[in-house]
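Below is one structure, written out as structure tokens; the observations come after it.
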Amino acid sequence: MSSDDSTGDGQAAGDEGSGPDGDDETTAADVSLGGETAKATVAKFLMAAAGFAGSIFFARYLGPVAFGGFYLLFSVVKLSDRPLAGVSKAGKKRFSEADADRSEILGTQLLASLAWALLASAVAVAAADWLRSYTGLPSAPLLFAVLLIAVGLFEPLDKLVKARGKVGAATWADAVRSYLTLPLQVGFVLAGFGAAGMAYGLSAATLTMVPVMWWLLGTRPTFPDRETVASVWRFARYSIPQTFLGKAYADFDRVILGLLLAPGAVGLYVVAAQLTMPAMFVAAVAAEGLMARVSHSHSRGEAVAGDVTNTLSFASLLSVPIFFGALAIARPIVVTVYGGEYAAAATLLIGLALYQILRTQRAPLSRTLGGLDRPNLNLWIAAVTLAFNVVVGVWLVLRVGVVGVVVATVLAESLQYLATAALVKRAVPEVSLLPRALLEQVAAGAVMFVAVSLVHTVVAVRSWFDLGVLLGVGGVVYFAVLLAASGRFRVTVRSVLEDLGITLPI
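Quick note on the numbering used here: the sequence shown kicks off at 5 and runs consecutively.
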């Protein structure tokens, strides 16, 4: 896009220096995308460890109905904050541009957060009876308002920190939030609050980290002028509905299961989704950094194909082995981790793992379109994909039950990937959509599948130790094959380690 859409001279009047008392001048071009991705991925694993431990405890302690009820409520919260998330995405885009007036953009974000939190909370009060009935939680209206306010303050600041290219710092702050969340949630639940304790714990931890995110941002807000608001709005008019549609698409499975089946079905889905969550770690953090980098480079008229291809090369680094691992030992994983009452989630695990491979390749492409200032394209793709998922998903759920919604999601994600890939290729013809490194990962995953399946014939899973042996074999085989067969993988690992100050003879 042209930098004419931005205002200011890159630094608000009166801002100087860095840190909370001045404007930090760091941009996405000043940091290593590989290094930031590596640091953020480590933080993602730590967050997953906390979330994983929590999900096991809460799923067992609360049972499928109450456990599913909390996630139904949180899905409603995340659907309700889509307008604010759309403004946040627009703010991130403008904040990352070369000549952005960052203080005014921050001011715009804060005003939007306050206004939307007040409006949405009022709507929650009006819809109190429906919220209680839908989630099964008596205090659902209060929980909705508390969660919305907390998330509405934290997530916009998180986006702006990432717009500076500080993906690693932002993700580590989110990791700290996760480690605060778990003990707070456990404390509230054990104190007798039930599923509501999960909401109170998450809200308290999130609000605690808001000042930290503000400090990391290093920018003082100023009241925006009309030109700044108009610049943000030119992007937000597309990103608001696109973000809403995207979230509706992401949470459609849980919502439709809650409406057509029961909270117990949602619980089965959630445990399967939790097990595939690490699949997105590399792709999610790399895509966040890629959007800011593409935006900054494009606003200066510089090439972006190299960054996009590099991101696609390794976005599926974790989703590929997770899929092949699920294909080999899905049932032992689910039963060992969550218990026999969740055994039916094994089939869902395989389908969701396949979905994650498609998603890890599509996410960087969607962020690329945003960085190229084409939010309108993302909007139309999201609308078509959601409509497809709703029609096919409802039909399949009514015919085959909970598995049907996963099949529909895989088909919808395939459609979304193909459409997004075609548009990115048209805009940036130099991009390679199927880089060799990705194909090498698929080959390594296939070898891993054979190895795990063979070992499983002699190692029956009766304990966590047995499961750990199989997972360990899979991980060692996968990465050993990649290191041996992929020169690109070796070069990338060496480069990332050097960015982190580590030198290894590989």
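Where is the CB? At the ideal position from N, CA and C, for every residue including glycine.
Fair warning: this is a prediction, and the values are worked out from it, not measured in the lab.
Would residue i and residue j be called neighbours here (beta carbons separated by less than 9 Å)?
i	j	result
Gly67	Gly271	yes
Ser243	Ala291	no
Thr185	Glu108	no
Leu147	Gly95	no
Lys393	Thr413	Per the sequence presented here, residue 393 reads as Asn, with Lys not at that position. Taking 9 Å as the Cβ cut-off, Asn393 and Thr413 qualify as a contacting pair.
Val398	Leu264	yes
Met452	Pro325	yes
Val406	Leu442	no
Val338	Val275	yes
Gln278	Leu362	no
Leu427	Arg378	yes
Gly140	Gly73	yes
Leu373	Thr424	yes
Leu122	Pro160	no
Pro368	Val312	yes
Ser235	Ala167	no
Ser303	Asp85	no
Val481	Val463	no
Ala154	Leu220	no
Ser499	Ala448	no
Since I believe residue j is in contact with residue i (beta carbons under 8 Å), could you give me their beta-carbon distance rounded to a whole number of angstroms?
i	j	result
Gly156	Trp120	6 Å
Val435	Ala309	5 Å
Gly375	Ser299	4 Å
Ala89	Thr247	5 Å
Leu118	Thr223	Wrong, their Cβ atoms sit about 18 Å apart, outside the cutoff.
Val91	Ala296	Between Ala296 and Val91 the Cβ distance is about 17 Å, and since that is not below 8 Å, they are no contact.
Val69	Gly268	6 Å
Val216	Leu152	Val216 to Leu152, Cβ: 20 Å. No contact.
Ala63	Tyr342	6 Å
Ala199	Phe71	7 Å
Leaving out five residues before and five after residue i in sequence, what residues of the same chain have Cβ atoms less than 7 Å from its Cβ?
i	result
Gln189	Gly58, Gly201, Met202, Gly205 and Leu206
Val459	Leu474 and Val477
Val511	The structure shown does not extend to residue 511, since the chain is modelled only from 5 to 510, so the question has no answer here.
Pro142	Arg136
Arg181	Ala209, Thr210 and Met213
Ala386	Gln246, Leu249, Gly250 and Tyr253
Ala391	none
Gln445	Ser320, Leu321, Val324 and Leu486
Arg440	Arg492
Ala350	Ala334, Arg335 and Val338
Thr340	Val465, Trp468 and Leu471
Between which residues of its own chain and residue i is the CB-CB distance below 8 Å, once the five residues before and five after are set aside?
i	result
Ala52	Met281, Pro282 and Phe285
Lys429	Val435 and Leu437
Pro145	Ala128, Val129, Ala131, Ala132, Leu135 and Arg136
Short of 6 Å in beta carbon distance, which residues of its chain neighbour residue i, apart from the five on each side in sequence? Order them along the chain.
i	result
Ala33	At Ala33, the pLDDT of 44 sits below 50, so the modelled position is not reliable and the matter cannot be decided from this model.
Tyr359	Thr413, Val414 and Glu417
Leu50	Ala179
Thr30	Only weak support is given to the placement of Thr30: the predicted model assigns it a pLDDT of 47, under 50, and the value that follows is read from those uncertain coordinates. Hits under 6 Å: Arg168.
Ala54	Ser182, Tyr183 and Leu186
Val35	The predicted position of Val35 is uncertain, since its pLDDT is 48 and thus under 50; a value taken from the coordinates is nonetheless stated next. Taken in chain order, the residues that qualify are Gly169.
Indicate, with yes or no, if the ligand ADP has a heavy atom lying under 8 Å from the CB of residue i.
i	result
Leu118	Although the ligand ADP was asked about, the structure shown includes no ligands whatsoever.
For the stretch 402-437, list the alpha helix (DSSP H) runs that are entirely contained and at least 4 residues long, ordered along the chain.
Listed in chain order, the alpha helix (DSSP H) elements of length 4 or more contained wholly in the stretch 402-437 are 406-431.
What are the uninterrupted segments assigned as alpha helix (DSSP H) that are 4 or more residues long and contained completely in the stretch 53-137, given in chain order?
The qualifying runs are 86-99 and 106-130.
Whole alpha helix (DSSP H) elements within the stretch 164-215, 4-residue minimum
Entirely contained in the stretch 164-215, the alpha helix (DSSP H) runs reaching 4 residues are, in chain order, 171-192.
What are the start and end residues of each continuous alpha helix (DSSP H) run of 4 or more residues lying completely inside the stretch 255-336, in chain order?
For the stretch 255-336, whole alpha helix (DSSP H) runs of length 4 or above, ordered along the chain, are 267-280, 285-303 and 309-318.
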